[in-house]
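Step one of this worksheet: look at the structure below.
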Amino acid sequence: MADTAELSVMGATLPPGCAGNRLLAALRPGDLAMLAPHLSPRALTTGQTLFDAGDDVVETVLPCYSTMISLLVITRDGDEIEVASIGREGAIGGIVSAGFKPAYGRAVVRIPGAALGIPTHRLEEAKLRSPALADLFARYADVLLAQMMQSSACNALHSIDQRLCRWLLSTHDRANDATIRLTQETLADMLGVQRTTVTAVAKALQDEGLIRTGRGRIEILDRPRLERRACECHDQVEAHFQRMLPEVQT
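Each step along the sequence shown adds one to the number in the UniProt record's numbering, with nothing skipped, and position 108 is 108.
Pasting the structure below:
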């Protein structure tokens, strides 16, 4: 499917990016046409906060292509740790709730790029009109919850090198690029550890030939070995994703 502003489905003009988000691409033509008039292109920047804890979530954002967003839990002392990451396979903000939607955590852009936004109330209206659309987003919400649950277990039980490998694999799945544009400082914040810890682990992985680090980037050189170094959390989340959303390929 070409990804241009002139593309139309069932008479509705689609904004750029629809083909870059796999959740939208999995919709039936009629359901996508129902959402199309309310979708607006977004250019997300690194570090941009989409919503914070307590905010009323009035827009649902669908990352496109390699764009990635982190969902963070913030402690009373201001520390933050990632509990889920959302890329081109999904959406963030107002996925399952209706009415008032106070955010529990903070959504921050980690890898910048294109996205699509839709007023959350428009998405809720579309769900009421289309059981198939509602079912797709409900199944995605299940997958997102599974990722959060697995992340909680991973943070409590697994070593930092296993967690770092898991995160690199998940990001590689979404970005579809061996080079991940991310600083080690940002990665440390997401994993809830000191930057020196991430630097030491990254150096060990680089010495083993699994990755190559540079200024603001991490390049994956040997994915099979990286998979063996990671904990089981990545594979378990991916397996659940494939069971729940076989039509949405990351």
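Ideal Cβ positions, reconstructed from N, Cα and C, are used throughout, including at glycine.
As the structure is a computational prediction, the values presented were derived from the model and not from experiment.
Best match in L168, V109, R139, P224 for proximity to T49 [C-alpha to C-alpha]: For the purposes of this step, residue 49 is identified with residue 49 of the sequence shown, where counting begins at 1. Among L168, V109, R139, P224, the Cα nearest to that of T49 belongs to V109.
Range of the contiguous beta strand (DSSP E) that encloses G113: Start at 1 with the first residue of the sequence shown, and residue 113 comes out as number 113. Unbroken beta strand (DSSP E) run through G113: 113-119.
Rounded C-alpha distance that separates A204 from A175: Mapped onto the sequence shown, residue 204 falls at position 204. Mapped onto the sequence shown, residue 175 falls at position 175. Answer to the nearest angstrom: the Cα atoms are 23 Å apart.
Beta-carbon contacts of T183 that lie in its chain and below 6 Å, excluding the five residues immediately before and after: If you number the sequence shown from 1, residue 183 lands on position 183. Around T183: G216.
Whole-number beta carbon distance between R229 and C154, since they are thought to touch under 8 Å: As a position in the sequence shown, residue 154 is number 154, starting the count at 1. As a position in the sequence shown, residue 229 is number 229, starting the count at 1. 14 Å between Cβ atoms; not a contact.
Cα-Cα separation between E232 and Q147, rounded to whole angstroms: What you label residue 232 is simply residue 232 of the sequence shown in a count that begins at 1. What you label residue 147 is simply residue 147 of the sequence shown in a count that begins at 1. So the alpha carbons of these two residues sit roughly 12 Å apart.
Bridge partner(s) assigned by DSSP for S44: Within the sequence shown, numbered from 1, the residue matching residue 44 stands at position 44. The sequence shown places Leu at residue 44, not Ser. Answer is G113, bridged to L44.
As assigned by DSSP and simplified to three states, the class of D77: Against the sequence shown, residue 77 aligns to sequence position 77. If DSSP states are grouped into helix, strand and coil, D77 belongs with coil.
Range of the contiguous beta strand (DSSP E) that encloses R217: Here residue 217 is taken as the residue at index 217 of the sequence shown, counted from 1. R217 -> beta strand (DSSP E) spans 217-220.
The stretch 195-202 in contact with the stretch 107-125 per 3-pair CB rule at 8 Å: Verdict: no, contact absent.
Start-end ranges of the alpha helix (DSSP H) lying completely within the stretch 12-72, minimum 4 residues: Considered as a whole, the stretch 12-72 harbours 22-25, 29-35 as its complete alpha helix (DSSP H) runs of no fewer than 4 residues, in chain order.
For A53 and W167, the rounded distance between their alpha carbons: Here residue 167 refers to the residue found at position 167 when the sequence shown is read from its first residue. Here residue 53 refers to the residue found at position 53 when the sequence shown is read from its first residue. Approximately 23 Å, taken between the alpha carbons.
Span of the beta strand (DSSP E), counted from its first residue to its last, around I211: Along the sequence shown, read from residue 1 onward, the residue named residue 211 stands at position 211. First-last of the beta strand (DSSP E) with I211: 211-214.
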